[in-house]
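Peer 1:
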Amino acid sequence: MYNDVVQWTDIRKMVLMQGIPIRKIAMKTGISRNTIKKISKHKLPPGYRREKKILYPRLGPHREYIKILLHQRESIPSPVKLTFQRIYEKLRDERSYAGSYSTVRTFISKNRHTSQIGCISQNILGDIYDQIISLSRSDAIKYLLFLSRADPPVILQKKVKNFLRTFAKISSEKQNTDNKTLKGQAAYDWMHSVLQGQLSRGHIARDIGEIVGAERLLTQLYEDRLPMRNRALCVLAEAKGIEKKTIFAFLGINKATGYKYLRNFKSGGIDLLNHRKRKVPLQVDNEKIKKAVFATLHEPPSSHGINRTTWKSDDFISVLATKGIVVGRNVVRQITRKAGFKWRKARVVLTSKDPKYREKLNRVQNVLQNLGGDEAFFSIDEFGPFAVKKKGGRKLVDQKENFTVPQWQKSKGWLIMTAALELSSNQVTHFYSEKKNTVEMIKMMDILLKEYRGYRKIWLSWDAASWRMSKKLFEEIDAANIKAKVTESPMVEALPLPAGAQFLNVIESVFSGLARGVIHNSDYMSVNEAKSAINRYFEDRNIQYQRNPKRAGKKIWGEERVPSKFHEANNCKDPRYR
């Protein structure tokens, strides 16, 4: 049963004196209603009570003999008194007792102070106990001393002392607890009043005394952000003399943080109190490390003397270390995961298997670095085919709306779009195709030759798809260059990317922005409606980059995966569309 004496007394006061309902007390204290009912019936915790009397069946014939031994024991000097063990041995050896020692010990403990041996029965003890707890402290002491002087003594002097010691301890603890509770509540009320602005600055100044920077602390307390207000209140409350643990509990901060605030204020004043350490950027968010990771991941392992077609973590980390980038395996995995790839997939789809990867990459970079004002560089690819139907994606919807996309839909048509992105001006040229083949590439070349007629040379860069590497296409390029010498139209030169390097094709990033902008969450009624949306997207994008050639602005094309600039660390291809 519940036996906290202090709370026991408080609950009795609430029930019997204040008349608070038992149900309300149970909700407040967490103690069951049945327990509270028992508390209201007993002035102090009664402790464990055995319902059935102990019978001692084996000890029954020997009880009177034990009482005689105990009576003799009281008159014998202490050094030679019979012990419980000795009494048990006498019973066993002299009277053939077959029971256990524990039974004898229990019986003696409960009966050694009964009537004939200088004590009273259990019922009388219960009456005396009820009388004692009904008296005041001074009267209870007098009553106990009176009982101890009886002949024979009803309660031994030792018992009186133990009772008084326990009673004094309980009273002292209760008084200390009450004092701490009142003091803590006063501290809480003061800090709450300060935070709520219920105390004037003059009142607070009188409470805290003279401390350096008091005015600044008060200004910070009422005008700054919550973390800074907590710091100020921590210092002010400590200056008032409130216990530190009470301050920390009120502010909801741990001990280490609270002591750090106080220590900083004492050593450096309010400036050090408010000083915030600059967070060291994580390696995962370091742009230099991210670029080095992807630039290395794009290269085949063989270019670093490793006889493999895909990367292993240990090999990859060792190669990064030779470039001065020291990172762990976990950092590499987090960087690839943030880019939308798991490491197992990234080391396959983001690694080119072209043995001339570095050579082709260097050539593209060299052309771009030395691109003249009368030259244009195009990144070319196809988008699609994709069906025109209701599309899913991230969407803001009302809580009551259940947005779903049917798994099976009848397509309203399909589209393939061929597009070219000019890297220096960020202009997109596009048209719609029925197939992906060499004829469409030749058509794109002819369109670009007309659109950029005033240029001296145009460069066509694409990935290593079969229809872009056909003999017929290069024959058409040669024919266009022969014609250019006569008509003074631009010269054409193909500059294919390394095999398996779609991630370097910059127009893939533009396609990702297009998909997020006008394809996701769409439900176009027809193919022509979808075309109109795509046409308008590219038209708006081209106008924006004509007006702001160096920045994308805040239009929907800000959703492109990477800036429209060629770089060996680019991941232009969206991983969700592989």
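Okay, so the sequence shown: first residue is 898 according to this note's numbering, each after it adds one. Each residue gets a CB set at the ideal place from its N, CA and C atoms; glycine is no exception. For clarity, every value in this text was computed on a predicted model and none was experimentally measured.
Can you give the Cα-Cα distance for Asn-1334 and Lys-1340, rounded to whole angstroms?
Peer 2: The sequence position of residue 1334 within the sequence shown is 437, counting from 1. The sequence position of residue 1340 within the sequence shown is 443, counting from 1. Their Cα atoms are separated by approximately 10 angstroms.
Peer 1: Please state if the CB of Ile-922 and the CB of Met-911 are separated by a distance shorter than 9 angstroms.
Peer 2: For the purposes of this step, residue 911 is identified with residue 14 of the sequence shown, where counting begins at 1. For the purposes of this step, residue 922 is identified with residue 25 of the sequence shown, where counting begins at 1. Yes.
Peer 1: Does the contact criterion of 3 or more C-beta pairs under 8 angstroms hold for the segment 1382-1389 versus the segment 1243-1250?
Peer 2: Because the criterion of three Cβ pairs below 8 angstroms is not met, the segment 1382-1389 and the segment 1243-1250 do not touch.
Peer 1: Per DSSP, which one or two residues make a beta bridge with Trp-1311?
Peer 2: Position 414 of the sequence shown, counted from the start, is the residue given in the question as residue 1311. Partner(s): Ala-1284.
Peer 1: Pick helix, strand or coil for Val-1109, following the three-state DSSP scheme.
Peer 2: Counting from one through the sequence shown, the residue named residue 1109 turns up at place 212. Val-1109 falls in the coil class under three-state DSSP.
Peer 1: For Trp-1356, name the three-state secondary structure that DSSP assigns.
Peer 2: Start at 1 with the first residue of the sequence shown, and residue 1356 comes out as number 459. It is a strand residue.
Peer 1: Just tell me which of Glu-1465, Gln-1180, Pro-1303, Asn-1204 has its CA closest to the CA of Val-1476.
Peer 2: The question about residue 1476 has no answer, for the chain in this structure spans 898 to 1475.
Peer 1: Closer than 8 angstroms by C-beta to Tyr-1156: which residues in its own chain qualify, once you throw out the five before and the five after it? Chain order, please.
Peer 2: Here residue 1156 refers to the residue found at position 259 when the sequence shown is read from its first residue. Lys-1141, listed in sequence order.
Peer 1: Helix or strand or just coil, what does DSSP make of Ala-1316?
Peer 2: Taking the sequence shown and counting its residues from 1, one reaches residue 1316 at position 419. Strand at Ala-1316.
Peer 1: Alpha carbon to alpha carbon, how far is His-959 from Leu-979?
Peer 2: Mapped onto the sequence shown, residue 959 falls at position 62. Mapped onto the sequence shown, residue 979 falls at position 82. For His-959 and Leu-979, the distance between alpha carbons rounds to 16 angstroms.
Peer 1: Please report the straight-line C-alpha distance between Phe-981 and Ile-1005, rounded to a whole angstrom.
Peer 2: As a first step, residue 981 is located in the sequence shown; it is residue number 84 there, counting from the start. As a first step, residue 1005 is located in the sequence shown; it is residue number 108 there, counting from the start. Phe-981 and Ile-1005: Cα-Cα distance of roughly 8 angstroms.
Peer 1: Under 6 angstroms Cβ to Cβ from Ile-1494, same chain only, skipping five residues before and after it: list those, please.
Peer 2: As shown, the chain starts at 898 and ends at 1475. That puts residue 1494 outside it, with no answer to give.
Peer 1: What number of angstroms, rounded off, separates the C-alpha of Pro-943 from the C-alpha of Leu-1123?
Peer 2: For the purposes of this step, residue 943 is taken as residue 46 along the sequence shown, with counting starting at 1. For the purposes of this step, residue 1123 is taken as residue 226 along the sequence shown, with counting starting at 1. Using only the alpha carbons, I get a separation of about 50 angstroms.
Peer 1: Use the C-beta contact count for Val-1383: other C-beta atoms within 10 angstroms, 16 or more gives buried, fewer gives exposed.
Peer 2: Position 486 of the sequence shown, counting from 1, holds the residue named residue 1383. Counting Cβ neighbours within 10 Å, Val-1383 comes out exposed, since fewer than 16 surround it.
Peer 1: Would you mind sorting Tyr-1119 into buried or exposed? The rule is 16 or more other CB atoms within 10 Å of its CB.
Peer 2: Taking the sequence shown and counting its residues from 1, the one referred to as residue 1119 is at position 222. It is exposed - the Cβ of Tyr-1119 has fewer than 16 other Cβ atoms within 10 Å.
Peer 1: Would DSSP call Ile-1150 helix, strand or coil?
Peer 2: Position 253 of the sequence shown, counted from the first residue, corresponds to residue 1150. In this structure, Ile-1150 counts as coil in the three-state DSSP scheme.
Peer 1: For Phe-1371, I'd like the list of residues in its chain whose CB is within less than 6 angstroms of its CB, leaving aside the five on either flank, ordered along the chain.
Peer 2: As a first step, residue 1371 is located in the sequence shown; it is residue number 474 there, counting from the start. Taken in chain order, the list of residues that qualify is empty.
Peer 1: Measuring only the C-alpha atoms, how far is Leu-1133 from Arg-1438?
Peer 2: Here residue 1133 refers to the residue found at position 236 of the sequence shown. Here residue 1438 refers to the residue found at position 541 of the sequence shown. Rounded to whole angstroms, Leu-1133 to Arg-1438 spans 57 angstroms at the Cα level.
Peer 1: Could you give the residue range of the alpha helix (DSSP H) that holds Phe-1435?
Peer 2: Residue numbering aside, residue 1435 sits at position 538 when the sequence shown is read from its first letter. Element bounds for Phe-1435: 1424-1444.
Peer 1: Measuring alpha carbon to alpha carbon, tell me which residue in Thr-1003, Val-1285, Val-1001, Thr-932 is nearest Asn-1425.
Peer 2: Working through the sequence shown from its first residue, we reach residue 1425 at position 528. Per the Cα distances, Val-1285.
Peer 1: From this set, Lys-1007, Lys-934, Ser-1461, Ala-1427, which residue's C-alpha is nearest Phe-1275's C-alpha?
Peer 2: Translated into positions along the sequence shown, residue 1275 becomes position 378. Nearest option by C-alpha distance: Ser-1461.
Peer 1: Could you tell me whether the Cβ atoms of Ala-1398 and Asp-1360 are closer together than 9 angstroms?
Peer 2: The residue given as residue 1398 occupies position 501 in the sequence shown. The residue given as residue 1360 occupies position 463 in the sequence shown. Taking 9 angstroms as the Cβ cut-off, Ala-1398 and Asp-1360 qualify as a contacting pair.
Peer 1: Assign Pro-1049 to buried or exposed, taking buried as 16 or more other Cβ atoms, counted over all protein chains shown, within 10 Å of its Cβ.
Peer 2: To locate residue 1049, count along the sequence shown from 1; it is residue 152. Low confidence applies here, because Pro-1049 scores a pLDDT of 47, under 50, leaving its location unreliable and the question unanswered by this model.
Peer 1: For Asp-1278, which beta-bridge partners are listed by DSSP?
Peer 2: Here residue 1278 refers to the residue found at position 381 of the sequence shown. The partner list for Asp-1278 (beta bridge, DSSP) reads Ala-1316.
Peer 1: What is the rounded straight-line gap between the Cα of Arg-909 and the Cα of Lys-940?
Peer 2: Counted from its first residue, the sequence shown places residue 909 at position 12. Counted from its first residue, the sequence shown places residue 940 at position 43. Using only the alpha carbons, I get a separation of about 8 angstroms.
Peer 1: Whole angstroms is fine: what's the gap from Glu-1337's alpha carbon to Lys-1347's?
Peer 2: Here residue 1337 refers to the residue found at position 440 when the sequence shown is read from its first residue. Here residue 1347 refers to the residue found at position 450 when the sequence shown is read from its first residue. Cα to Cα, Glu-1337 sits roughly 16 angstroms from Lys-1347.
Peer 1: Does Gly-1300 pass the burial test, meaning 16 or more other C-beta atoms within 10 Å, or should it be called exposed?
Peer 2: Residue numbering aside, residue 1300 sits at position 403 when the sequence shown is read from its first letter. Note that residue 1300 is Phe in the sequence shown, not Gly. Per the 10 Å Cβ criterion, exposed.
Peer 1: Select from Ala-1396, Leu-1411, Met-1342, Ser-1409 the residue whose C-alpha is nearest the C-alpha of Ala-1377.
Peer 2: Reading the sequence shown from its first residue, position 480 is the one you call residue 1377. Comparing Cα positions, the closest option is Met-1342.
Peer 1: Mind pulling the alpha helix (DSSP H) runs of 4 or more residues that sit fully within the segment 1331-1408?
Peer 2: You should have 1335-1348, 1368-1384.
Peer 1: Going straight from the alpha carbon of Glu-1465 to that of His-1201, what length do you get?
Peer 2: Position 568 of the sequence shown holds residue 1465. Position 304 of the sequence shown holds residue 1201. When rounded, the distance between both Cα atoms is 16 angstroms.
Peer 1: Would you report the Cα separation of Lys-934 and Ile-963, rounded to the nearest angstrom?
Peer 2: As a position in the sequence shown, residue 934 is number 37, starting the count at 1. As a position in the sequence shown, residue 963 is number 66, starting the count at 1. If you take the alpha carbons of Lys-934 and Ile-963, they lie about 41 angstroms apart.
Peer 1: Flag this pair as yes or no: are the beta carbons of Pro-1472 and Ser-1249 separated by less than 9 angstroms?
Peer 2: As a first step, residue 1472 is located in the sequence shown; it is residue number 575 there, counting from the start. As a first step, residue 1249 is located in the sequence shown; it is residue number 352 there, counting from the start. The answer is no: Cβ separation not under 9 angstroms.
Peer 1: When the Cα of Ser-937 is compared with those of Lys-925, Ile-965, Leu-913, which residue comes out closest?
Peer 2: What you label residue 937 is simply residue 40 of the sequence shown in a count that begins at 1. Of the candidates Lys-925, Ile-965, Leu-913, the one whose C-alpha sits nearest the C-alpha of Ser-937 is Leu-913.
Peer 1: So, are the CB atoms of Lys-1163 and Ile-1222 less than 9 angstroms apart?
Peer 2: For this step, residue 1163 is matched to residue 266 along the sequence shown. For this step, residue 1222 is matched to residue 325 along the sequence shown. No, the pair does not count as a contact, with Cβ atoms beyond the cut-off.
Peer 1: Identify the residues that DSSP records as bridge partners of Phe-1328: which are they?
Peer 2: Counting from one through the sequence shown, the residue named residue 1328 turns up at place 431. Per DSSP, Thr-1315.
Peer 1: Between the alpha carbons of Thr-1003 and Thr-906, how many angstroms are there, rounded?
Peer 2: The sequence position of residue 1003 within the sequence shown is 106, counting from 1. The sequence position of residue 906 within the sequence shown is 9, counting from 1. Between Thr-1003 and Thr-906, the C-alpha separation is close to 32 angstroms.
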